[in-house]
Structure formats: structure tokens, C-alpha cells
Amino acid sequence: MKFVADLHLHSKYSRAVSGQMNLSNMSVWGKMKGINVLATSDFTHPFWFEQLKNELEDTGKGLYQLKTINSKQETEVYFLLSCEISSIYSQDGKSHRIHNLVLFPSLKSVEKFNGELRNRKVNVRSDGRPIVGISSRDLLEIALSADEKVLFIPAHIWTPWFSLFGSMSGFDSLEECFGDLADKIYAVETGLSSDPAMNWRVGNLDSRAIVSSSDAHSLEKIGREATVFEAEEVSYDSIYHAIVGISGRQVVRSSGNKKPDSPNTRIPDNPGSKIAFTIEFHPEEGKYHYTGHRDCDFSQSPEETKKNGDRCPVCSRPLTVGVMHRVEDLATREEDVERIDKNGVRWVKSKADRPPYVSLVPLAEIIAEVENSAIKTKKVFDQYQTLVNNLGSEFNVLLKADISEISKYAYPKVAEGIDKVRRGDIKIDPGYDGKFGEVKIWSTDSKTQAKESEVSDESQLNLFA
Ligand SMILES: [Zn+2]
Ligand SMILES: [Zn+2]
Ligand SMILES: [Zn+2]
1191 MKFVADLHLH SKYSRAVSGQ MNLSNMSVWG KMKGINVLAT SDFTHPFWFE
1241 QLKNELEDTG KGLYQLKTIN SKQETEVYFL LSCEISSIYS QDGKSHRIHN
1291 LVLFPSLKSV EKFNGELRNR KVNVRSDGRP IVGISSRDLL EIALSADEKV
1341 LFIPAHIWTP WFSLFGSMSG FDSLEECFGD LADKIYAVET GLSSDPAMNW
1391 RVGNLDSRAI VSSSDAHSLE KIGREATVFE AEEVSYDSIY HAIVGISGRQ
1441 VVRSSGNKKP DSPNTRIPDN PGSKIAFTIE FHPEEGKYHY TGHRDCDFSQ
1491 SPEETKKNGD RCPVCSRPLT VGVMHRVEDL ATREEDVERI DKNGVRWVKS
1541 KADRPPYVSL VPLAEIIAEV ENSAIKTKKV FDQYQTLVNN LGSEFNVLLK
1591 ADISEISKYA YPKVAEGIDK VRRGDIKIDP GYDGKFGEVK IWSTDSKTQA
1641 KESEVSDESQ LNLFA
């Protein structure tokens, strides 16, 4: 069976996160999106951790479920214990700021891990995504000692300010960052501004799974990226083995005929589990795809940066180097992918043994462009809900439902928009220096397009609750 997981989001206890992000709302929205496994997020926060203990029950499979299930809607969404930690530290005379995801199969392991952070006087109260002075390597060691089955995943690895490979804050390889424990990193997260094809170009990532998740700070952003697993059951072990198994296979492959019992070779206990595919944002839509200065309204591609340098022509300070440029810096090979159209959906496949992916635009964005209105408005949400209620889930609408079926519940132009998104027939102004890229499904409409930023986030959020 296939199941969809979103392994990175945040609760209301993280900074700049909607007050609506509680377990029950997350579960309702997970279901609408078509997600089966949602990250709890933020388990280091004492108040949130209390809620996790009170509101969730163990399914016996390394995943948790809401105790009080109000409606059938919530029954199929499982929670996976997770948090994101921001490590800020110096190493070899350089300062680093790196975000890592930590996933555990049990509350007991979380207790142990949280206890160890408390022993080290980490301030876990001020933010659901705590800042620690512990290096990424040492944090991984602490996580492994709490539970050797931890999944420790460097988050949004290309963003400039807070990531493993970040141009302003990171390292050039997993080994530099994690040292002797680098082989315990089984997966990395693409982040919104990169897609798997960009990551496949980097030899240092060859033996790691590439996962995608939303990093949602509000309910409607849940699932804007996700990882789809294929396994016999929905469980922590299925996810663990799918991720570790991929690294295992790749290590065996890239190092020739290594003996199966060699310490570097990870053979999955359950070879039936794998990552089936990932669901991606178009990387151009991410906030850091291009290099530029937001305040100076200036951005450029990696080719332009090569030609014109990385100083801003407006203010002459150094530009914020974007993800695409950084990938160029660390890439060891050219892009080598196949684009395959199946049932009207464009899939991107690696020529090596990698799970394929599909790039989508969130349904509410498609409807908003048709309606020529902001995303967080009632008329957009009404149409969103009609489609999702009648056709199962947002992923069903975006990926599977017949266009003729969609037309029964939506304006013809919305159906046409979904069809265009499936085929990749859209235009995007790339994002840069913290400014999201802008999708245009119909390029002629661009002038009158309403922007999300024109609507106050908080005042409109209630429409989605
Ligand atoms: Zn982060
Ligand atoms: Zn995050
Ligand atoms: Zn500037």
C-alpha cells in the first residue's frame, strides 16, 4: 500500500506559527490534504509535549493517534513524534546555523532526549523549534543515545541562512558537518527551493534518501511538499526502513560488491518498504531559489551571477546567494533526468535508481488565480472544500481525479488550471532572498493577479479553521 507523510511542520508553540496549529486541526487538515502520517512537531516544548502525552495514544506501530476522535475524518491520520532543532555553533573557526529534524518512534525516547537537552540547559520554552549551542554532530549523538532508531534529517538543506549546505551558514559535505557520524544520516530534506533533480546532481548525497515535507506554519500549507511511501503497513518501521533501505542500496551500489555484513552496508530488515515518490513545490516558487536582494528588488540566475558577480548593482552589498547557485557550487554532475507523462501528469525520473517526483501547485493557489482573488478568502475556500469533499482529498484532486470529474464540481477554468499544473504548463517568477516566487498558470492574467501578501494573514486565518 502507498501512504503519504508530511514529516516537517510546526505547532503553535513555534515562532511565527498560526495559533490554529493544534493536533485536532492538524488532523482535520491532514485528512483534507490526503496525508496519512503527520509530524507532531515541536516535541521539545514542555507545554506541547504535555499535550502530545494527553491527547495522543500509542498505536503500537511507532505512530500515535488522537485519543478523542470526533469524526471519521480524523481516524486515518497518524502522528509521528518529531521536532526541528536549530544548532548555532562554531566549528573550525567558522560559525554555523543548521536546522535538523529529529524523529522518534516512542514518547519514551522523546522523554530521554528532552531530558538530555534539559541537562544541557537548553532553553526549550521560548520556541517550539529551540535554538541550541550543540553542534549538529553532537546533537545526532544525543539523539542516537536516546534511541538508535532515530531518524535525524538535515532540514531544507540548501536555504542560505539555516541549513547544512546553506551559502551563509553551512558546510560543503555531510562528512564536514557530522564527522564520524555522517553515515547515520540516511536522508536529507529538499526544502521548498530545491527539487530532487537538483539534489541528484550532488555526489555527496548519492547514498541518502531525498525526502520532502511542507515545513508548514499554518494549516493550509500542510502537505505543500510530501513523501509517499510504499510498504505493507503504515508504521514507523515502514518509514525507517524505506529511508535506511535506500541508503543501504545506494551504498552497496556505489561501492561495488561490498560484503553484505560490512559495517557501511545497511540492508533493510523489511526490503518491501520504499519511497514511492515525492510531491514537490516548484523550486522556483521557494523563497531562496535565485540569488538577490529583496529590499533592492533585484535577483539573478546562477549564470548571471557567474557573469556579473555577486554584488548588488543597487546597494553594492553582497547578494544573498540562492539555492540554485549553491547547488551549482556543490554539484558533481549535470542534471540527467527523464520527464515522463503518465495519465496527463508530468513525472520526473532519475536515470539512477531514485524515486521519481511530481511538481504541483497547491489547489487553493490554482483556484485563487482563476478567481483573481487572494488565497485566504471565503470564495476560494468554498470551492476548495467542494472539490475536496466530493473527490476525496487535495492530492486526489491534483493528481488522480479525471478532469471531467473535476469539472462537475469546479469552474471549467479551475479544471483547466489543474490540467495545466499536472502537465507542468505554467510560468514562475523565481523567488529570492526571502521573497516567494510567483506562479502564473495563465501568463496573460499576470497583471491583475492579486497577491497573497495583500491580505493580512492573521485576520483571514479563521476562514480556514
Ligand atoms: Zn528550519
Ligand atoms: Zn521548520
Ligand atoms: Zn542590494
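To convert, take the position in the sequence shown, counting from 1, and add 1190; that gives the numbering used here. The beta carbon of each residue, even a glycine, is placed where N, CA and C say it ideally should be. These figures come from a predicted structure and were not determined experimentally.
query: With a threshold of 8 Å, establish whether the CB of HIS1472 neighbours any heavy atom of ligand 2.; result: no
query: Do VAL1517 and GLU1528 have their C-beta atoms closer together than 9 Å?; result: no
query: So, for SER1649: in the same chain, excluding its five sequence neighbours on each side, which residues have a beta-carbon less than 8 Å away from its beta-carbon?; result: Reliability fails at SER1649, whose pLDDT of 37 lies under 50, so the model's placement of it is uncertain and the value that follows must be treated cautiously. Cβ neighbours of SER1649 beyond the five flanking positions: none.
query: Less than 8 Å between C-beta atoms, sequence neighbours within five positions excluded: which residues of the same chain meet that for GLY1624?; result: LYS1477, TYR1478, ARG1484 and THR1510
query: Return the first residue and the last residue of the alpha helix (DSSP H) that ARG1287 is part of.; result: Element bounds for ARG1287: not the alpha helix (DSSP H) but the beta strand (DSSP E), 1284 to 1294.
query: Taking all protein chains shown into account, decide if GLU1422 is buried (16 or more other Cβ within 10 angstroms of its Cβ) or exposed.; result: exposed
query: My output table needs one value for ALA1600: the three-state DSSP class, helix, strand or coil.; result: coil
query: Below 8 Å, is the gap between the Cβ of ARG1319 and the nearest heavy atom of ligand 1?; result: yes
query: For SER1583, count the other beta carbons within 10 Å of its own beta carbon; 16 or more makes it buried, fewer makes it exposed. Which is it?; result: buried
query: Three or more C-beta pairs closer than 8 Å, one from the region 1354 to 1368 and one from the region 1311 to 1318: is that the case here?; result: no
query: According to DSSP, VAL1538 sits in a beta bridge with which residue or residues?; result: ARG1529 and TYR1547
query: Whole-angstrom Cβ separation of TYR1203 and PHE1237, contact assumed at under 8 Å?; result: 6 Å
query: Return the CA-CA distance between PRO1602 and ALA1554, expressed in angstroms with no decimal places.; result: 15 Å
query: Can you tell me whether DSSP reads PHE1467 as helix, strand or coil?; result: strand
query: Could you check which residue in LYS1298, SER1325 and SER1296 has the C-alpha nearest to that of ASP1282?; result: SER1325
query: What are the boundary residues of the alpha helix (DSSP H) that includes ASP1487?; result: That residue, ASP1487, is in no alpha helix (DSSP H); it is neither H nor E in DSSP.
query: Alpha carbon to alpha carbon, what distance is there between VAL1194 and LYS1257?; result: 21 Å
query: How many angstroms separate the CA atom of SER1452 from the CA atom of GLY1209?; result: Its pLDDT being 39, under 50, SER1452 is placed unreliably by the model, and the measurement read from it follows with that caveat. SER1452 and GLY1209: Cα-Cα distance of roughly 49 Å.
query: Which of the three DSSP states, helix, strand or coil, is assigned to PHE1361?; result: coil
query: For ILE1616 and VAL1551, I'd like the C-alpha separation in whole angstroms.; result: 10 Å
query: Would the region 1405 to 1413 and the region 1494 to 1509 be scored as touching if the rule is three or more Cβ pairs under 8 Å?; result: no
query: Counting only the same chain and skipping the five closest in sequence on each side, list residues whose C-beta sits under 7 Å from that of ALA1521.; result: ARG1391 and VAL1392
query: Say yes only if the C-beta of HIS1515 is nearer than 8 Å to one or more non-hydrogen atoms of ligand 3, and no if none qualify.; result: no
query: Start and end of the alpha helix (DSSP H) containing GLU1240?; result: 1236 to 1245
query: Can you tell me which of the three DSSP states THR1495 falls into?; result: helix
query: How long is the line joining the alpha carbons of VAL1218 and VAL1267, rounded to whole angstroms?; result: 8 Å
query: The alpha helix (DSSP H) that contains THR1576, what's its start and end?; result: 1568 to 1581
query: Report the option in LEU1330, SER1272, GLU1240 and GLY1499 whose CA atom is closest to the CA atom of HIS1200.; result: SER1272
query: Find the nearest neighbour of ARG1612 within the set TYR1547, ASP1519 and PHE1626, judged by alpha-carbon distance.; result: TYR1547
query: Indicate, with yes or no, if ligand 2 has a heavy atom lying under 8 Å from the CB of HIS1200.; result: yes
query: How about GLU1422: is its Cβ closer than 8 Å to a heavy atom in ligand 1?; result: no
query: What is the C-beta distance between LEU1253 and SER1403, in whole angstroms, given that I count them as a contact (C-beta under 8 Å)?; result: That pair is no contact at about 16 Å.
query: Pick helix, strand or coil for LYS1617, following the three-state DSSP scheme.; result: strand
query: Curious, which full-length alpha helix (DSSP H) runs of at least 4 residues does the region 1297 to 1347 contain?; result: 1297 to 1309 and 1326 to 1336
query: How big is the Cα-Cα spacing for VAL1578 and ILE1565?; result: 16 Å
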